[in-house]
Amino acid sequence: MHEDFKVQMKNLLGNEYDDFMSALQDKPIKSIYLNPLKDNIPTHLNQQYLRSHPIVSDAYYYDYDNYELGKSPYFSCGLYYIQEPSALLVGGMLDIKEDDYVLDMCGAPGGKTCYVASHLSNDGLMITNDIVPLRAKILSENVERFSLQNTIVTNSDPKDFIKILPEFFDKIILDAPCSGEGMFRKNNEAIKQWSIDKVNECAYIQRGLIDTAMKLLKPGGQLIYSTCTYNTIENEDQIRYILDHYDCTLLPIPKSHGMSEGIGFKEVVRLYPHKYQGEGQFIALIQKNGTPSSYKYKPMRATISRNNFNLIQDFYNKYLHINMPTHLYDNNNHIYSIQPQFPSLKGIRILRNGLYLGECKKNRFEPSLALALTLNKQDVKQSYVYHVDDVEIKQYLHGECIVGSDQKGYGVLFVDEYPLSFYKESNGQAKNLYPKGLRR
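What follows is the structure, encoded as structure tokens:
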């Protein structure tokens, strides 16, 4: 471990330094939060290996050595998100209103996005962005798995939003790219990559992201700024910059269960592994002062060809008990269900535009995994239901077909009461439609 880092932590922690260094030798701790869009989840989980999170409701620490939740079919059904316990606090500290418009500026892999978006109604909006294409792809997959319909996933420089959505967002999440000091216990690569130069480089990037966030945040709105690092350059110094350069207020975050005050700012939160059960984290909540303007944005226009509309309507009539969505967006025959409040994002690279329904091909509509994950048993006309431990589910996730009955066409495979995937049956065999990239 770099000597400069040790000196930094000695200066920050004083007589707690030895306890901190000892905690870095302990095993990392893992946690989950439940998807509020799914019912009855606790009754299906083994409570023997779960311990309630003391701060965030519907969140748990779990024994990952004896309970591999990441390998469970329930994970594929989107029942929960596995997230580090300190990062878990960030979304939980936002005062989320159901109809908020929220931007997650650096959203990958998606833990904060999915938490906040799943607590919004479909009158709310989440735009979640990551500038790195591969990270944005992972973000999009996690949004899909959580069956979110109010979320747009983008892959752009956040500055690109300023011209089209100035002062638009009620809440902005800036989990800023950082030097990763808080990940030293769980990530040896973070230790190897650390240097003072990297700290200063990250601080420079963070400053630009902060300036962008303040231009996108609505007066009266809130910015939550977080890092997984300890130094003051990337944390308190950035808060001081915000307060010096913008008309805003630093809001106090209540402290409990080992949460520490900031260095010179009692309002913010510092998390250390020797005091809080999780990795290192810094969290600050800032409110932008002023009165919201009457800025009017351009909504996204629903558009679809008559032929594709008819193909989708035929599919819904034949295989589902629910009405076809009313606002459809056609992107080269890839069909999305969008919400009326979605803004036009001209110039922004969009990966996922609301709920991806599927693709229209010649004379047929092929439904998506995303659509399947939003459905309940009563929504579908044909289905098979298996228990989470049934061998058929493991085989299906591996890419194998299941033995059918006398059905024809599309149905949904359920794990207990939760949708997993569409299948397509003919001649007594239910063809596997689970995406090849997700099979295991």
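Following our numbering, the numbering of the sequence shown begins with -15 at its first residue and continues without gaps. Backbone N, C-alpha and C define an ideal beta-carbon position, used for all residues, glycine too. All figures in this text were calculated on a predicted structure; none of them were measured in a lab.
Coarse secondary structure for residue i, derived from DSSP in three states
i	result
residue 296	helix
residue 180	helix
residue 354	helix
residue 308	coil
residue 75	helix
residue 290	helix
residue 221	helix
residue 100	helix
residue 318	strand
residue 157	strand
residue 413	strand
residue -9	helix
residue -15	coil
residue 113	strand
residue 327	strand
Alpha-carbon to alpha-carbon, residue j and residue i
i	j	result
residue 57	residue 35	21 angstroms
residue 319	residue 342	6 angstroms
residue 85	residue 140	18 angstroms
residue 183	residue 30	42 angstroms
residue 99	residue 299	32 angstroms
residue 201	residue 372	43 angstroms
residue 173	residue 384	37 angstroms
residue 149	residue 217	30 angstroms
residue 293	residue 360	23 angstroms
residue 403	residue 326	27 angstroms
residue 181	residue 162	12 angstroms
residue 330	residue 308	27 angstroms
residue 260	residue 421	37 angstroms
residue 193	residue 391	53 angstroms
residue -15	residue 175	6 angstroms
residue 23	residue 144	38 angstroms
residue 374	residue 55	14 angstroms
Top-ranked residue by Cα proximity to residue i, from the options
i	options	result
residue 212	181, 69, 192, 309	69
residue 304	313, 351, 290	351
residue 333	278, 116, 346	116
residue 125	400, 65, 302	65
residue 275	154, 108, 311	154
residue 238	246, 12, 231	246
residue 395	235, 375, 367, 196	367
residue 255	248, 210, 270, 297	210
8 angstroms Cβ shell around residue i - same chain, five flanking residues per side excluded
i	result
residue 50	33
residue 258	0, 3, 4, 6, 7
residue 46	14, 15, 16, 33, 34, 35, 53
Residues near residue i by beta carbon distance below 6 angstroms, same chain, minus five either side
i	result
residue 157	88, 96, 208
residue -6	1
Anticipated Cβ contact below 8 angstroms, residue i with residue j, distance rounded
i	j	result
residue 386	residue 356	Between residue 356 and residue 386 the Cβ distance is about 15 angstroms, and since that is not below 8 angstroms, they are no contact.
residue 26	residue 103	Wrong, their Cβ atoms sit about 18 angstroms apart, outside the cutoff.
residue 452	residue 312	Only positions -15 to 424 of the chain appear in this structure, which leaves residue 452 out of reach.
residue 135	residue 110	4 angstroms
Cβ neighbours of residue i in the same chain (closer than 7 angstroms, five flanking residues each side left out)
i	result
residue 170	12, 263
residue 273	203, 231, 232, 233
residue 417	405, 406, 407, 408
residue 59	53
residue 289	314
Cutoff 8 angstroms: residue i Cβ touching any chain D Cβ
i	result
residue 228	The displayed structure is made up of one protein chain only, and chain D is not part of it.
Near the ligand NAD: residue i beta-carbon under 7 angstroms from a heavy atom
i	result
residue 277	As far as ligands go, the structure on display features none, and thus does not contain the ligand NAD.
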